[in-house]
Amino acid sequence: MKITAKFGGSSVASASQIEKIGQIVKNDENIRAIVVSAPGKRFKADIKVTDLLISLFEEYKSQSPTYIKTLDMIVLRYTEISEILGLDRKLVESFKEILLGFLTSIEDDFYLENAIKSSGEDFNARLIAAYMNKIGFKASYVSPKDLGIVLEYSLNDVNILDETYKNIEKFKDRDELLVVPGFYGYNMDGNRLTFSRGGADISGAILARGLGCDIYENYTDMTYIYSANPSLFENPAPIKNISYAEMRELSYNGFEIFQEDAVEPLLDTDIEIHVKNTNNPNEGGTIISKERTDVDKNPIIGMSDVGEFTSFKITEYLMNRKVGYIKNVLDIFQYMHIPVEHIPTSIDSISILVRSEYLEDSSKKSSIVNAINNSFDLDELVVRDFLKSIAIVGEGLKDQMTKALYIISDVLNQNQIKIEYIIQGASNNSLFILINKKDEKLCLKSLYKAIYEDKVLDK
Ligand code: ASP
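Numbering (this note's numbering), first residue to last: 237 to 695.
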């Protein structure tokens, strides 16, 4: 049995958390590699090191003198950890030099930002490797460059090149614990590239596959992944098993516990992901695997608040006869780099639904409106903000879509909640209900009650 264990920001936020990692690794000799995040929040108002690093980059670039203060805050986080763990001071002293070295030597802003942003995990892995040796492990810090994690940046996205897995395979039989910084790799030219936020989960999956592990353990500060947001519901139902596809759907649609792209490296493997709690490693745990076996008993695995949406509803008489109309509308969104989420259509109208976060810069919305008005002979264009999308996810929807739709409509009707749009995901394992923002809480609560407390779908 071979395990790669990844420890997220809360699991590496302080010296006492890192001591827990030492204990976890001590208790399981199957753990061959650990992948670590940058120190996360120790308390609610705390700032994640990755956020401090992003501020450092921005302040330096805008020539704000505050960058020195931010730099010191970052180094202080590691100094505190290192002192409590009793590590050699020289290690942390080098961190400041490394950051200043990046700031003054990397000319390209994009690569500079990536180098700075990824340093949170890099420093932490160096520090944790030193700690593991101190407590008696034979452990080595191994950088993504040594491992050969090769990435490519294209169309605003970072892709993993296939050779990565072959490169990592060479470390398979190493007789020591590998301590690897998550969140980044290198492009062909040797520049660091980071994944999107939360991307240390992706690094963990890459390692688990490359090293041929049986299990990818993913440590967080929660004992389970829950069926609904635990900050909104008291004791939501824990998820014991979930499929890769369901997890990906929920992660993309609002569950923050597991990065949505982290499943992808494992899709063609039999590696199970076990989500566990660093603070309580022997209890609970959610297993993410290819297929879920309790779909009959548990048709809907989770529901999430996806966030706020804006709709652009275009009406033009005889739209149905104009072949390529949708493509021409979508070209405008592509040109503006706005991802489109849903496209409900009817004979003379089409609605384009996008996440409102992409329109925060208000000039974007007016540019889209102008471009649509100038490109088509419209009858009407209506833009609506303040829509909320609720995702309902579960493999059981494939067989029970009719019943699910009936129940959802009934619940919302009883609570006088108007459905603005209802969209069945093409994969048949998800359903999206778009409602007015003011109805959001009532909608979530009433659906949760019906699905998980009254279990109306199971009857
Ligand atoms: N430290 C990075 C972030 O805060 C990556 C991670 O923790 O997964 O997004």
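Glycine included, each C-beta is placed from N, C-alpha and C at the ideal position.
Residue i and residue j closer than 9 Å at C-beta
i: Ser245; j: Gly276; result: According to the sequence shown, residue 245 is Gly rather than Ser. Taking 9 Å as the Cβ cut-off, Gly245 and Gly276 qualify as a contacting pair.
i: Ile475; j: Ser487; result: no
i: Leu648; j: Lys639; result: no
i: Ala473; j: Val416; result: no
i: Leu292; j: Ile317; result: no
i: Asn556; j: Asp584; result: yes
i: Leu414; j: Ile626; result: no
i: Asp358; j: Ser379; result: yes
i: Asn232; j: His573; result: Residue 232 falls outside the range modelled here, since the chain spans only 237 to 695, and no answer is possible.
i: Ile687; j: Cys679; result: no
i: Leu196; j: Ile550; result: Look at the range of the chain in this structure, 237 to 695, and you will see that residue 196 is not part of it.
i: Ala351; j: Ile364; result: no
i: Lys353; j: Thr430; result: yes
i: Ile442; j: Tyr401; result: yes
i: Glu482; j: Val629; result: yes
i: Ala366; j: Asp308; result: no
i: Ile320; j: Ala251; result: yes
i: Gly268; j: Arg410; result: Here residue 268 is Arg; the residue named in the question, Gly, does not match the sequence. Result yes, Cβ atoms of Arg268 and Arg410 sit closer than 9 Å.
i: Gly421; j: Lys406; result: no
i: Leu468; j: Lys408; result: no
i: Leu614; j: Leu667; result: no
i: Asn534; j: Asp694; result: yes
i: Val261; j: Phe373; result: yes
i: Arg484; j: Thr546; result: no
Alpha-carbon spacing of residue i relative to residue j, whole angstroms
i: Gln299; j: Asn665; result: 49 Å
i: Asp541; j: Ile604; result: 26 Å
i: Glu552; j: Glu656; result: 20 Å
i: Gln660; j: Glu577; result: 12 Å
i: Glu388; j: Asn516; result: 37 Å
i: Met368; j: Val619; result: 56 Å
i: Asn454; j: Gly418; result: 12 Å
i: Ile642; j: Asp282; result: Note that residue 642 is Tyr in the sequence shown here, rather than Ile. Answer to the nearest angstrom: the Cα atoms are 44 Å apart.
i: Asp450; j: Ser645; result: 43 Å
i: Phe243; j: Thr459; result: 14 Å
i: Gly434; j: Leu554; result: 45 Å
i: Asp675; j: Asp690; result: 21 Å
i: Asn492; j: Ile478; result: The question names Asn, yet the displayed sequence has Glu at residue 492. The straight-line gap from Cα to Cα measures roughly 15 Å.
i: Phe279; j: Asp621; result: 33 Å
i: Glu593; j: Glu544; result: 8 Å
i: Gly426; j: Ser273; result: 21 Å
i: Pro580; j: Asp635; result: 23 Å
i: Ile588; j: Lys624; result: 14 Å
i: Val499; j: Ser611; result: 40 Å
i: Ile208; j: Asp287; result: The shown model of the chain, from 237 to 695, leaves out residue 208, and the question about it has no answer.
i: Glu631; j: Ala662; result: 12 Å
Bridge partners - residue i, DSSP secondary structure assignment
i: Ile254; result: Paired residue(s): none; Ile254 is not in a bridge.
i: Glu656; result: BP columns for Glu656 are empty, so no partner.
i: Arg268; result: Arg268 is not bridged to any residue.
i: Thr546; result: Val590
i: Lys624; result: Glu544 and Ile671
i: His578; result: Leu589
i: Thr430; result: Tyr420
i: Asn477; result: Ile523
i: His510; result: Glu453 and Ile523
i: Lys242; result: Val271 and Asn454
i: Leu413; result: Ala375
Residue i: CB within 8 Å of a non-hydrogen atom of the ligand ASP
i: Val285; result: yes
i: Ser355; result: no
i: Arg428; result: no
i: Ala274; result: yes
i: Phe612; result: no
i: Gly245; result: yes
i: Phe419; result: yes
i: Gly190; result: This structure gives no information on residue 190, because the portion of the chain shown stretches from 237 to 695.
i: Gln495; result: yes
i: Ala249; result: no
i: Ala436; result: yes
i: Arg325; result: no
i: Arg433; result: yes
Inter-residue CB distance, residue i and residue j (contact presumed, cutoff 8 Å)
i: Ala444; j: Ile507; result: 5 Å
i: Asp567; j: Ser247; result: Asp567 to Ser247, Cβ: 44 Å. No contact.
i: Tyr480; j: Ile524; result: 6 Å
i: Ile509; j: Leu502; result: 7 Å
i: Leu289; j: Gly356; result: 5 Å
i: Asn266; j: Ile304; result: In fact, because the Cβ distance is near 45 Å, the residues do not count as touching under 8 Å.
i: Gly258; j: Ile334; result: About 25 Å; that fails the 8 Å criterion.
i: Tyr296; j: Leu339; result: 5 Å
i: Arg428; j: Tyr347; result: 7 Å
i: Thr724; j: Lys256; result: Shown here, the chain extends from 237 to 695; a query on residue 724 therefore has no answer.
CB contact check: residue i to chain C, cutoff 9 Å
i: Phe491; result: The structure shown contains no chain C; it holds only a single protein chain.
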